[in-house]
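In this note's numbering, the protein residues as written are 9 to 1129.
Quick reminder that beta carbons are idealized off the backbone N, C-alpha and C, glycines included.
Predicted, not measured: the structure shown is a model, and the values here were computed from it.
Heads up: the structure comes next, in structure tokens.
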């Protein structure tokens, strides 16, 4: 940002800084307007380091482009670089280095412009921007700079830039589709210029919590101290600051003096915590040691939180890591540990040494555990355990051993003990702040983690030997790490002393999950086969690595759930209240009325507590694996829930309901049947190099083997895709066929028609999916269009499901019943637990896998031996596969994700894309097709005639067909928005009175309440909408409505700030979920939301792309008055 000829000039970096922090952008402008008034941060050696290494990286990219033989033109440092760049562009240079570009008040210097084929104003070529960035992954700030250069470039060449390029510090070249950021950039640019236009030097914005404020951090802290701002209170959030201000509490002192009156949007326990925190911080000002208070409140009946700290043991370890984020994939270069005998360290200067350090540390800990069953590893914060999990997965080593240590709760996070057991008058709970309680200030040369990174880079540049005894730099880093380990030890000693003040003994041993003999033998077989597969990778067994990874898919999926469970088990009641997965602080009320048993009771809790737990959820009581309850009724607004204790738990409690409890959801289920099937297939592959042929075709991504078809598109020019499906299925020759069905494309009908034709030919057919609902839906369609004599079997699921009353032709059986009934029933529906059974091997001619975009590849592999042909039906661009773990290679993909291999749509030579939507109006179909399906989806004839005839009162808000965005400005909402509820109620009433037309354009009557479907991302908003809307209006989440449709769909976004919403921005703006929500509409999709959602801070490229999609909805859906 600068002033030139009395004009403000801005750079792409200014846009990127504005995206990160409006406060920093305001301060930079203020400094330009009133130079000398602000305190600039001291020179940061880390930034100097990054600038130097960034320049070196840029020059290395330049050298690599020269090596490729490209003609490079370098722009001059002096003179008119902008004119020189224009000349170079018209001359058609291969590469333009340091290109000077401008557009209005924006100008800047792009590292490289790359020439590409394709007509533009310049000639039969055009240019795309390339930036060299030291980071090892693409970051939003870099992409914003590229998007800015792209906009400048487009004004010169008159052709759109479609691809943005990044050369990363790890040598990777990244290509980004500019359409995935273009709308985001346009909105950011508009916001930036509006911000600059309205700049007021007397109206400083609030500094954003948790955002790097360089170079104005010192000034920000000075001003916050002077203003006694709420942002100084430890752990306070931006939403809480806004809520407090709305309640008239705008300073730390005002919060400290708060009288406890409720503040809308902040739960009472949270408000109490913030109030006490503010009081302690004020009381600590000017004191040599901070003031603190112990928290003796019961933690779900287990005594004071400090009691969770184990007693000291002779082989205890105090652990700390030093890492270098500037290395490719990051590098944990120093592993330090203090024990009773002193300091032990492991150094790593590359990936191989990092693996060795990880294994050496783990084996050191395992050996100590074997010698001392009561030992623990103490650390401060989640970083250390997160690194161990990451490296175990990355290097595929010691995963089971680490899992055992985690389940045994061998790792003790003292940060959690501090947060649950002590409240300290410090603005942060970092170790450096907390240690003021028990240590004097350090005098080491390396004082912070950033210092450590800077010093490590200086060592890299220095050429000093990789031995701390001969390198003063490494010696200083080692001393810093040792002091962190010793501080962690001293903290444990201090906490144990405090434990005596509040009473309570140390916690007992962690609960253990017993392993059956059958599981133990299966694990032994799996481990042995795993080693053989890993040793067999090569041309003879090209899928050996994949099978090795798939063998442990379900185990990896279970681990995070158990890790989360044990994390939740260690949480305080206050923390569980803030965890949306749990329900905490339940107080016994009375026995439930009309429960039908004596084990069901009503419990009350704080109204307004947000939770994913709902009716039907099975939960653990206070983290006790032996105490399970089922939720049979719930009213969140009243703070009431009805719980049925399982009979075993009821006996364990001596038939007495606990007075106060918290609920942790059960998230894991046994997958032994599937794992055994994968194990069997992997063993066969290893022994004979053979796979079931359809699975081999699928894994090789081979064109399906079809009678009468050699190559080219599977769908003939003279037929529709839907007509092609039955023909292609009948022509399959022990192969796999993918059928991708976008919204309303008739995939269920196409599959049903194919199944019926195959049944007529005498085939035996299985229907599988992840969930019973999808299976029942396809069976219902077969019954709808099939003969009355059709008698399918349905294995598993609820026998009492209403489906069986409405479809008496379907017989419900158990999985074990199916084998003896196939001679009389040739159509069978079931989950992977059926088709992975050994007695199902080779029993079917065809297996139709519905909703295959949600079915794990591992499950398909397990089911593959059951059938001669695999028909995979679904759409990976709709609801995705639910996964929790990070999986190596391609093992974590869903079936269709694997098939499409990153593409949005299936290759026409490899599968069928159902390219006609029989649901969507062309205006809506065009948006969905371009956003999600590479423009391949089109509306079937006649859908253009189906519209809602809106009246004059609606013309300024919605359209007769297509996409509409209705803005509702609100603040501080997360899971529910009363403002959006009010707006939707008004829209529903007015839309219900409008006429609708059919495919011929004839009026069929009023839309009515039955013609409207309302979707919200969170159950809390769903409940609020159901209360406010007529019963005939269907209301639910996306998960409930997949497969349904209505003439009009209203979508409530709920949250005021996407980054503050439950489950975060990634969930709220998930493109698959938005695709499903929008595509429920036949005519009109109306998105109701806060336009401020576009201001969410993007922390990754994925998040930027998600915000970009919402920006597109806002741009294309806005009604111009």
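What would DSSP say about residue 358, mapped onto helix, strand or coil? Three-state result, residue 358: coil.
What do you reckon, are the CB atoms on residue 1121 and residue 921 nearer than 8 Å? A distance of 8 Å or more separates the beta carbons of residue 1121 and residue 921.
Can you tell which of 331, 637, 666 and 901 has its C-alpha closest to the C-alpha of residue 653? For the residues 331, 637, 666 and 901, the minimum Cα distance to residue 653 belongs to 637.
Check whether the Cβ atoms of residue 141 and residue 116 lie closer than 8 Å to each other. For residue 141 and residue 116, no; Cβs fall outside 8 Å.
Might you give, ordered along the chain, the residues of its own chain that have their beta carbon closer than 7 Å to the beta carbon of residue 519, omitting 5 neighbours on each side? Any reading at residue 519 must be qualified, since the residue scores a pLDDT of 44, below 50, and its modelled position is unreliable; no value is offered.
Supposed contact pair residue 700 and residue 873 - C-beta distance, whole angstroms, cut 8 Å: Right, the Cβ-Cβ distance comes to about 5 Å (below 8 Å), so this counts as a contact.
Residue 283 classed as buried or exposed, judged by whether at least 16 other C-beta atoms fall within 10 angstroms: Result: buried.
Would you mind stating whether residue 840 and residue 867 have Cβ atoms separated by less than 8 Å? Between residue 840 and residue 867, the C-beta spacing is below 8 Å.
Counting only the same chain and skipping the five closest in sequence on each side, list residues whose C-beta sits under 6 Å from that of residue 888. Excluding residues within five positions, the ones whose Cβ falls inside 6 Å are 1080.
Measuring alpha carbon to alpha carbon, tell me which residue in 293, 948, 1027 and 1064 is nearest residue 1007. Residue 1007 has its Cα closest to that of 948, out of 293, 948, 1027 and 1064.
Range covered by the alpha helix (DSSP H) that runs through residue 841: Start and end: 840-843.
Straight-line gap, residue 126 to residue 914 (C-alpha atoms, nearest Å): Rounded to whole angstroms, residue 126 and residue 914 show a C-alpha spacing of 26 Å.
Local conformation of residue 392 per DSSP, three classes: Residue state, collapsed to three classes: helix.
Who does residue 677 pair with in a DSSP beta bridge? Partner residues in a beta bridge of residue 677, as assigned by DSSP, do not exist.
Boundaries of the alpha helix (DSSP H) in which residue 628 is found, first to last residue: Counting along the chain, no alpha helix (DSSP H) covers residue 628; the unbroken beta strand (DSSP E) around it starts and ends at 626-629.
On a Cα-Cα basis, can you pick out the residue from 301, 752 and 951 that is closest to residue 432? Distance from the Cα of residue 432 is smallest, within the candidate group 301, 752 and 951, for 301.
Let me make sure I understand the geometry here. Which of 885, 755 and 797 has the alpha-carbon closest to that of residue 785? The shortest C-alpha separation from residue 785 is found at 755.
Excluding sequence positions up to five away, which residues of its chain have a Cβ less than 7 Å from the Cβ of residue 676? Closer than 7 Å at the Cβ level, and outside the excluded window around residue 676, lie 566, 569 and 570.
Residue 881 bridges to which residues according to DSSP? In the DSSP assignment, residue 881 forms a beta bridge with 747.
Kindly indicate the opening and closing residues of the alpha helix (DSSP H) around residue 837. Premise fails: residue 837 lies in the beta strand (DSSP E), 835-837, not in any alpha helix (DSSP H).
Which residue or residues does DSSP assign as beta-bridge partners of residue 802? Note: residue 802 is bridge-paired with 820 and 837 in the DSSP secondary-structure output.
Taking the alpha carbon of residue 1112 as the point to measure from, which residue in 220, 427 and 194 has its own alpha carbon closest? Distance check between residue 1112 and each of 220, 427 and 194 places 194 closest, using alpha-carbon atoms only.
Are the region 770-784 and the region 927-947 in contact at 8 Å, needing three or more beta carbon pairs? No, the region 770-784 does not touch the region 927-947.
Nearest-angstrom Cα separation, counted from residue 224 out to residue 211: Our two residues, residue 211 and residue 224, have alpha carbons roughly 16 Å apart in a direct line.
Under DSSP, the alpha helix (DSSP H) around residue 936 begins and ends at which residues? Counting along the chain, residue 936 sits inside the alpha helix (DSSP H) bounded by residues 930-940.
What whole-angstrom Cβ distance do residue 957 and residue 1005 have, given they're in contact under 8 Å? About 7 Å separates the two Cβ atoms, so the contact holds.
Span of the alpha helix (DSSP H) holding residue 446? Counting along the chain, residue 446 falls outside any alpha helix (DSSP H), and DSSP gives it neither H nor E.
Secondary structure of residue 871, DSSP reduced to three states: In the structure shown, the three-state DSSP call for residue 871 is helix.
Identity of the residue in 862, 716 and 843 nearest residue 854 by Cα: For residue 854, the nearest C-alpha among the options comes from 843.
Exposed unless 16 or more other CB atoms sit within 10 angstroms - verdict on residue 810: It counts as exposed.
Counting Cβ pairs, one atom from each stretch, are 3 or more of them under 8 Å apart for the region 1061-1076 and the region 889-905? Short answer: they don't touch.
Spatial neighbours of residue 815 in its chain, beta-carbon cut-off 7 Å, leaving aside the 5 residues before and after: So the list reads 788 and 791, once near-sequence residues are dropped.
When you compare only the Cα positions, how much space is there between residue 1084 and residue 886? The alpha-carbon atoms of residue 1084 and residue 886 are separated by roughly 6 Å.
At a cut of 8 Å, does the region 432-449 reach the region 490-497 through at least three beta carbon pairs? Pairwise C-beta distances place the region 432-449 in contact with the region 490-497, as three or more of them are shorter than 8 Å.
Which two residues bound the contiguous alpha helix (DSSP H) that contains residue 441? Counting along the chain, the alpha helix (DSSP H) containing residue 441 begins and ends at 439-442.
With DSSP collapsed to three states, give me the class of residue 139. Residue 139 falls in the strand class under three-state DSSP.
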